[in-house]
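The opening position of the sequence shown corresponds to residue 1 in UniProt numbering, with each subsequent residue numbered one higher. Glycine included, each C-beta is placed from N, C-alpha and C at the ideal position. Taking it in order: structure first as structure tokens, then the write-up.
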Amino acid sequence: MWWGWFMCRCLSLAALLVVADCGGAEQRRGAEEGLRSSTVKANSSSGRKYHRIQNGQCTYTFILPEGDGGACRDFKAGTPYNANALQRDAPQPEADFSNQKIQQLEHVMENYTQWLQKIENYIKDNMKTEIVQLQQSAVHNHTAAMLEMGTSLLSQTAEQTRKLTDVETQVLNQTSRLEIQLLENSLSTNKLEKQLMIQINEINKIHDKNGFLEEKMQEMEDRHREELEALREEKSSLQALVSRQSSVIRELEAQLSRATGNSTALQRQQQDLMDTVRNLLSLCAKDGGTALVPNITKQADEERKFRDCADLYQAGFQKNGVYTINISPQETKKVYCNMESAGGGWTVIQRREDGSVNFQRTWKEYKMGFGSVSAEHWLGNEFVHILTNQKQYALRVELTDWDGHQAFSQYDSFHIDSEKHNYRLFLKSHSGTAGRQSSLAIHGADFSTKDMDNDNCTCKCALMLSGGWWYDACGPSNLNGVYYRQGQHVGKFNGIKWHYFKGPSYSLRSTVMMIRPADFS
């Protein structure tokens with residue numbers, strides 16, 4: 001009977017369940033939060049009552065049965081109950097039927113609610129397992145993703161760490177280089193500062209010295225100004241003296257020219273007298289006075305005055321040696337005569353052979369001559385000027401190198417000007433074996449010495465090349481240079497040179513310069 005009643009109530013409850021609303025994921029969360037229920041009673045639009053239960057996110061709505069009729073009304077109030085029957089479902093015989101009905105339904109609902117709670121707990125237990133599995137699956141997937149992401153991040157981290165290590169190494173290296181460079185720059189800066197201080201001190205010293213030198217310079221300028229003024233006055237007086245002396249010299253030159261003319265006339269007269277004497281002696285010899293002829297001839301030769309070695313040669317003196325010639329009727333000079341070379345009659349004006357004489361001499365010494373006429377010597381510019389201006393003379397230069405080779409240069413016309421014109425050299429018609437070209441300046445070179453620079457070079461050739469000579473612009477020859485002995489004669493620019501014979505740096509062994517009249521025969 002109880003079971004029949006219970007089934008009847010269940011069918012009625014099944015008919016009453018209208019709506020059960022749950023959210024999927026939210027239902028699971030609601031199951032986790034716990035079961036909440038409530039009973040709501042209201043009237044629907046059809047006038048029927050319903051009961052609503054709220055359990056988490058799920059809402060259950062039950063429609064209550066009508067008060068009259070139903071499947072369960074056949075039970076009588078006086079029907080006996082089983083001992084195991086639910087006493088709460090039995091109607092009160094004394095109460096109103098509707099109230100009983102409601103109470104019965106309430107009890108039924110409570111029982112249903114308990115059943116639903118059990119069902120919900122069962123669902124909740126099953127859902128927990130699924131949720132745990134889902135969570136484990138999600139955690140596993142999430143863990144795998146996290147592991148993969150972690151692995152990727154570790155790889156990236158390792159790569160970035162390696163790059164950072166490389167960058168750090170580069171930065172350390174660069175920092176080390178910068179520190180070393182900074183240290184070097186610091187040392188250089190300190191060194192430069194020290195040098196700067198030294199230079200500043202030097203500049204201060206130089207400044208002080210400049211001040212002292214400026215004072216000295218001012219004093220020297222004042223003194224030089226005074227000396228210059230005195231020199232101007234002295235120059236004026238010297239110019240006046242030179243003017244007077246020039247007039248005297250011109251007068252003396254005129255007198256010398258007249259005296260030379262007179263000397264020439266006297267020599268001609270003497271020659272005529274000698275010829276007359278010879279004629280007389282020849283006549284006397286025919287008459288038997290032969291014993292007197294040699295003595296008279298010898299006396300006549302001794303009393304005769306010779307102008308040069310050519311006169312001596314023509315007078316019968318044909319051996320090399322030292323002779324006396326007459327520069328003027330009152331002045332004589334010893335000369336060396338070469339009576340053998342190229343027909344003889346040569347007056348030697350220069351000889352170099354052993355280096356026994358120093359040829360680095362003054363203007364005055366070259367003017368008057370120096371050395372021994374039988375050895376190394378310079379005859380004298382003034383005498384050569386007087387001699388070569390009486391008539392036309394030829395010049396012969398004989399040269400010998402250290403291998404014994406000999407050569408010569410000959411000029412058919414040779415003379416030098418007066419001291420007033422610096423003993424200027426004039427030559428014409430070169431020939432010979434000592435070069436196709438002349439090593440002497442043909443066109444009027446002035447004579448220069450160490451104390452009288454008349455060359456055409458700012459370098460002072462007489463000082464640089466040594467010895468007095470007709471240098472022009474130092475030129476290709478200098479027979480009065482330094483005498484270098486064998487083994488030292490090569491590569492000497494200030495030696496005895498004749499460019500077109502042995503070159504500009506070969507110093508010769510011996511030289512001879514000699515003159516004779518151009519018409520000598």
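Through-space distance from valine 490 to isoleucine 515, alpha-carbon basis: Working through the sequence shown from its first residue, we reach residue 515 at position 515. Working through the sequence shown from its first residue, we reach residue 490 at position 490. Spanning the two alpha carbons is a distance of roughly 30 angstroms.
Chain-order list of residues whose beta-carbon lies under 6 angstroms from that of lysine 364 (same chain, five-residue window excluded): Here residue 364 is taken as the residue at index 364 of the sequence shown, counted from 1. Around lysine 364: no qualifying Cβ.
Residue from Ser409, Gln270, Gln156 and Lys367 whose Cα sits closest to the Cα of glutamine 437: Position 437 of the sequence shown, counting from 1, holds the residue named residue 437. Looking only at Ser409, Gln270, Gln156 and Lys367, the smallest Cα-Cα distance to glutamine 437 is reached by Ser409.
Beta-ladder partner(s) of arginine 352, from DSSP: Stepping through the sequence shown from its first residue, residue 352 is reached at position 352. Assignment of beta-bridge partners to arginine 352 by DSSP yields Thr511.
Runs of beta strand (DSSP E) lying entirely within the stretch 173-253, each at least 3 residues, in chain order: Whole beta strand (DSSP E) segments, 3+ residues: zero.
Burial state of residue 529 (16 or more Cβ within 10 Å): Here the chain comprises residues numbered 1 to 521, so residue 529 is not present and cannot be evaluated.
Cβ-Cβ distance between valine 335 and valine 348 below 8 angstroms: In the sequence shown, the residue the question calls residue 335 occupies position 335. In the sequence shown, the residue the question calls residue 348 occupies position 348. Yes; because the gap between Cβ atoms is below 8 angstroms, this pair is in contact.
Residues near lysine 305 by beta carbon distance below 6 angstroms, same chain, minus five either side: Here residue 305 corresponds to residue number 305 of the sequence shown, with the count starting at 1. The beta carbon of lysine 305 is closer than 6 angstroms to those of Asn326 in its chain, skipping five residues each way along the sequence.
Proline 504 versus leucine 479: straight-line alpha-carbon distance, rounded: Working through the sequence shown from its first residue, we reach residue 504 at position 504. Working through the sequence shown from its first residue, we reach residue 479 at position 479. One Cα belongs to proline 504, the other to leucine 479, and the distance between them is close to 12 angstroms.
First and last residue of the uninterrupted beta strand (DSSP E) at glutamine 406: Translated into the one-based positions of the sequence shown, residue 406 becomes position 406. That run of the beta strand (DSSP E) goes 406-416.
Integer Cβ distance of alanine 445 from arginine 424, believed to fall under 8 angstroms: In the sequence shown, counting from the first residue as 1, residue 445 sits at position 445. In the sequence shown, counting from the first residue as 1, residue 424 sits at position 424. Contact flag correct, Cβ pair sits at about 7 angstroms.
Three-state secondary structure assigned by DSSP to threonine 388: Start at 1 with the first residue of the sequence shown, and residue 388 comes out as number 388. Here threonine 388 sits in helix by DSSP.
Buried versus exposed call for phenylalanine 447 [16 or more other C-beta atoms within 10 Å across all chains shown]: Numbered from 1 along the sequence shown, position 447 holds the residue referred to as residue 447. So phenylalanine 447 counts as buried.
Closest residue to aspartate 401 among Val512, Gln104, Phe414 and Leu256 (Cα-Cα distance): Numbered from its first residue, the sequence shown carries residue 401 at position 401. Aspartate 401 has its Cα closest to that of Val512, out of Val512, Gln104, Phe414 and Leu256.
N-terminal and C-terminal residue of the beta strand (DSSP E) that alanine 394 is part of: Here residue 394 corresponds to residue number 394 of the sequence shown, with the count starting at 1. Where alanine 394 is concerned, the enclosing beta strand (DSSP E) stretches over 393-400.
Runs of beta strand (DSSP E) lying entirely within the stretch 301-365, each at least 3 residues, in chain order: Within the stretch 301-365, the complete beta strand (DSSP E) runs of at least 3 residues fall at 321-326, 332-338 and 346-352.
Cβ-based burial, glutamine 239 [other Cβ within 10 Å; buried from 16]: Position 239 of the sequence shown, counting from 1, holds the residue named residue 239. Exposed is the call here.
Inter-residue Cα distance where the pair is serine 186 and glutamate 179: As a first step, residue 186 is located in the sequence shown; it is residue number 186 there, counting from the start. As a first step, residue 179 is located in the sequence shown; it is residue number 179 there, counting from the start. So the two alpha carbons sit approximately 10 angstroms from each other.
Which residues DSSP lists as bridging methionine 452, in chain order: Sequence index remark: in the sequence shown, residue 452 carries index 452 (1-based). Per DSSP, Thr449.
Candidates His107, Arg268, Gln103 and Ala230, of which the one nearest proline 329 by Cα: Along the sequence shown, read from residue 1 onward, the residue named residue 329 stands at position 329. Comparing C-alpha distances from proline 329 to each of His107, Arg268, Gln103 and Ala230 shows the shortest one belongs to Arg268.
Chain-order list of residues whose beta-carbon lies under 8 angstroms from that of leucine 395 (same chain, five-residue window excluded): The residue given as residue 395 occupies position 395 in the sequence shown. Correct list, in chain order: Gln410, Tyr411, Phe414, Leu427, Met513, Met514 and Ile515.
Residue environment, phenylalanine 212, which counts as buried when at least 16 other CB atoms sit within 10 Å: Stepping through the sequence shown from its first residue, residue 212 is reached at position 212. The residue is exposed, with fewer than 16 neighbouring Cβ atoms inside 10 Å.
For glycine 479, three-class secondary structure by DSSP: Here residue 479 refers to the residue found at position 479 when the sequence shown is read from its first residue. Per the sequence presented here, residue 479 reads as leucine, with glycine not at that position. Coil.
Sub-8 angstroms separation of serine 341 and glutamate 419 beta-carbons: The residue labelled residue 341 in the question sits at position 341 within the sequence shown. The residue labelled residue 419 in the question sits at position 419 within the sequence shown. Taking the C-beta atoms as reference points, glutamate 419 is found no nearer than 8 angstroms to serine 341.
Inter-residue spacing [alpha-carbon to alpha-carbon] between asparagine 389 and isoleucine 416: Numbered from 1 along the sequence shown, position 389 holds the residue referred to as residue 389. Numbered from 1 along the sequence shown, position 416 holds the residue referred to as residue 416. Each residue's Cα considered, the two are about 8 angstroms apart.
DSSP beta-bridge partners of histidine 430: Taking the first residue of the sequence shown as position 1, residue 430 is located at position 430. Answer by DSSP bridge pairing, in chain order: Tyr411.
Distance between glutamine 195 and serine 188 (C-alpha atoms, nearest Å): For the purposes of this step, residue 188 is taken as the residue at position 188 of the sequence shown. For the purposes of this step, residue 195 is taken as the residue at position 195 of the sequence shown. Roughly 10 angstroms separates the two Cα atoms.
Lysine 502, enclosing alpha helix (DSSP H) - first and last residue: On the sequence shown, residue 502 is found 502 positions in, with the first residue counted as 1. Residues 499-502.
Beta carbon of alanine 434 nearer than 8 angstroms to that of tryptophan 498: The residue you call residue 434 lines up with position 434 of the sequence shown. The residue you call residue 498 lines up with position 498 of the sequence shown. Yes.
Reduced DSSP secondary structure (H/G/I, E/B, other) of glycine 150: The residue labelled residue 150 in the question sits at position 150 within the sequence shown. DSSP places glycine 150 within a helical segment (H, G or I) once states are collapsed to three.
Buried or exposed (CB count within 10 angstroms, at least 16 for buried), arginine 162: Counting from one through the sequence shown, the residue named residue 162 turns up at place 162. So arginine 162 ends up on the exposed side.
Coarse secondary structure for tyrosine 471, derived from DSSP in three states: Taking the sequence shown and counting its residues from 1, one reaches residue 471 at position 471. Collapsing the DSSP output to three states places tyrosine 471 in coil.
Residues near glycine 475 by beta carbon distance below 6 angstroms, same chain, minus five either side: Counting from one through the sequence shown, the residue named residue 475 turns up at place 475. The answer, listed in chain order, is Ala441.
Cβ neighbour criterion (16 or more within 10 Å) applied to valine 384: Taking the first residue of the sequence shown as 1, we reach residue 384 at position 384. Here valine 384 is buried, its C-beta having at least 16 other C-beta atoms within 10 Å.
First and last residue of the uninterrupted alpha helix (DSSP H) at leucine 440: Counting from one through the sequence shown, the residue named residue 440 turns up at place 440. That residue, leucine 440, is in no alpha helix (DSSP H); it is neither H nor E in DSSP.
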